Amino acid sequence: MKGVIHHIEIYVSDLNRSTEFWNWLLTELGYKKFQQWDQGISYKLNESYIVFVQTEDQHLDIPYHRKRTGLNHMAFHVNSREMVDEFTEKLKARNIKILYADKHPYAGGENYYAVFFEDPDRIKVELVSDR
């Protein structure tokens with residue numbers, strides 16, 4: 002399949018904390034744990050996978066910021082607006098702050114139904130309804 006993402010690798014400041022966050026979210030989205038080793042973990046859906054790797058200590062001095070060069074955010078499809086609403090409630094139950102709460106669920110525009118939040122390193126994550 003030409004052009005489909007093979008994998009994305011993201012370095013994280015605390016692998017245990019990130020694994021707790023991403024394991025829950027990605028499992029809910031249908032991903033399966035794919036690989037695990039001392040310094041990383043990956044999750045696979047179909048032919049694509051996402052890898053999280055512990056940042057080496059000497060590179061932890063500058064924290065992630067989505068306004069710098071590099072990854073801004075990750076957006077995932079969900080099947081319905083109801084799923085966006087269900088995830089919103091699950092995020093709140095986990096004490097995960099909803100971004101743009103004053104505009105939720107239309108923070109992306111009047112015809113864009115989504116929930117926005119951040120992972121432990123403040124990487125913005127978006128779940129958007131296809132319909």
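If you're matching positions, the sequence shown starts at 2 in the working numbering and goes up one per residue.
For each residue, glycine too, the CB sits at the ideal point set by N, CA and C.
In this text, all values refer to a predicted model and were calculated from it rather than measured experimentally.
| Query | Result |
| --- | --- |
| Integer-rounded CB distance, given that residue 127 should sit under 8 Å from residue 76 | 4 Å |
| Of the residues 122, 104, 121, 120, the one placed nearest residue 114, counting alpha carbons only | 104 |
| Close-in-space but distant-in-sequence residues of the same chain around residue 43 (CB under 6 Å, 5 per side omitted) | 35, 36, 50, 52 |
| Residue 90 - containing beta strand (DSSP E), residue span | Looking at the DSSP string, residue 90 is not in any beta strand (DSSP E); the run it does join, the alpha helix (DSSP H), is 82-94. |
| Cβ-based burial, residue 64 [other Cβ within 10 Å; buried from 16] | exposed |
| Proximity of residue 92 and residue 117 at Cβ, strictly below 7 Å | no |
| Residue 19 burial status per 10 Å Cβ neighbour count (16 or more: buried) | buried |
| Three-state class that DSSP yields for residue 128 in the structure shown | strand |
| Nearest-angstrom Cα separation, counted from residue 112 out to residue 11 | 30 Å |
| Those runs of the alpha helix (DSSP H) which lie wholly inside the region 15-58 and span at least 4 residues | 16-29 |
| Delimiting residues of the beta strand (DSSP E) encompassing residue 11 | 8-13 |
| Supposed close pair residue 13, residue 79 - CB separation, criterion 8 Å | Actually they do not touch by this definition, with Cβ atoms about 23 Å apart. |
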